[in-house]
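Beneath this line is the structure, given in structure tokens, with notes to follow.
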Amino acid sequence: MLERLIHSLETSPVMKRGEYNYFINPITDGVPLLEPALLREIGCAMVRNLDLAKIDKIVVCEAMGIHIGVAFSMMTDIPLVVVRKRPYDLPGEVAVHQATGYSKGELYLNGVAAGDRVVIIDDVCSTGGTLRALISAIEQVGAEIADICVVIGRGDADIGRPLKTLVRIEVSETQVRVVDTCL
Ligand SMILES: O=P(O)(O)OC[C@H]1O[C@H](OP(=O)(O)OP(=O)(O)O)[C@H](O)[C@@H]1O
Ligand code: HPA
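Position 149 of the sequence shown, counting from 1, maps to 149 under the UniProt record's numbering, and the rest follow consecutively.
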């Protein structure tokens with residue numbers, strides 16, 4: 001299992017974003033092309049690694065968490081909340097600051113209420129800045145974080161909670177190496 005994901009990562013080009021070695025991959029960028037079989041492989045691996053009975057809602061972040069969340073939602077029938085990068089000013093909206101290795105911005109959470117049991121899903125955890133922002137937003141509304149799962153883990157960011165990763169990678173200036181898998 002995860003052969004497609006491992007192959008796509010180990011053939012990913014790497015570019016510089018400032019000082020940051022940024023790998024370009026279908027799952028993390030939608031570029032050059034996202035094969036349905038790769039998306040299915042990831043959805044199946046998430047189903048096998050998460051306790052579905054403990055999850056009321058799936059929370060993903062715009063943009064590159066969305067396709068993963070959609071695949072998981074359609075396989076599990078669990079509803080999906082997308083954290084957006086623009087405000088809607090709805091009652092109860094929570095705004096948090098996000099910083100990654102190459103960008104900064106605001107995130108806006110709607111659709112999660114106190115007592116909801118949520119899983120946070122994303123494409124990649126690198127500095128952990130995005131997951132820390134999502135955790136803070138969910139804690140502010142009083143929901144319970146049942147699990148956090150990303151497809152790809154790079155580095156050893158501390159997000160203050162257990163993190164499930166389908167694969168762990170190392171990124172040099174020229175290439176990606178898969179160093180661990182969940183299965
Ligand atoms: O662990 P971190 O350093 O926070 O990096 C991970 C985040 O970076 C990317 O999001 P980005 O904000 O670049 O936006 P995108 O999803 O629109 O590409 C990615 O989708 C993760 O959410
Ligand atoms: O190197 C990366 N590639 C794609 N998406 C990312 N999000 C954080 N780091 C990366």
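Glycine residues also receive a C-beta, built at the ideal position from the N, C-alpha and C atoms.
Keep in mind that this is a model prediction, so the values were computed, not measured.
Heavy atom of ligand 1 less than 8 Å from the Cβ of T76, yes or no?
No; taking the cut-off as 8 Å, the Cβ of T76 has no heavy atom of ligand 1 nearer than that.
CB of S126 to nearest heavy atom of ligand 1: below 8 Å?
yes
Just mark G153 as buried or exposed, buried being the case when its beta carbon has 16 or more other beta carbons within 10 Å.
Per the 10 Å Cβ criterion, buried.
State the Cα-Cα distance for the pair M15 and V178, rounded to the nearest angstrom.
Distance between M15 and V178, taken at the CA atoms: about 18 Å.
Just to check my reading of the structure: K57 and P79 have Cβ atoms closer than 8 Å, yes? What is that Cβ distance to the nearest angstrom?
6 Å
Assuming residue 192 and L90 make a contact with CB atoms under 8 Å, what is their CB distance in whole Å?
Only positions 1 to 183 of the chain appear in the structure, and residue 192 is not among them; the question remains open.
Report the CB separation of A137 from L166 in whole angstroms; it is logged as a contact under 8 Å.
24 Å between Cβ atoms; not a contact.
Classification of R132 by the beta-carbon crowding that lies within 10 angstroms, buried from 16 upward
buried
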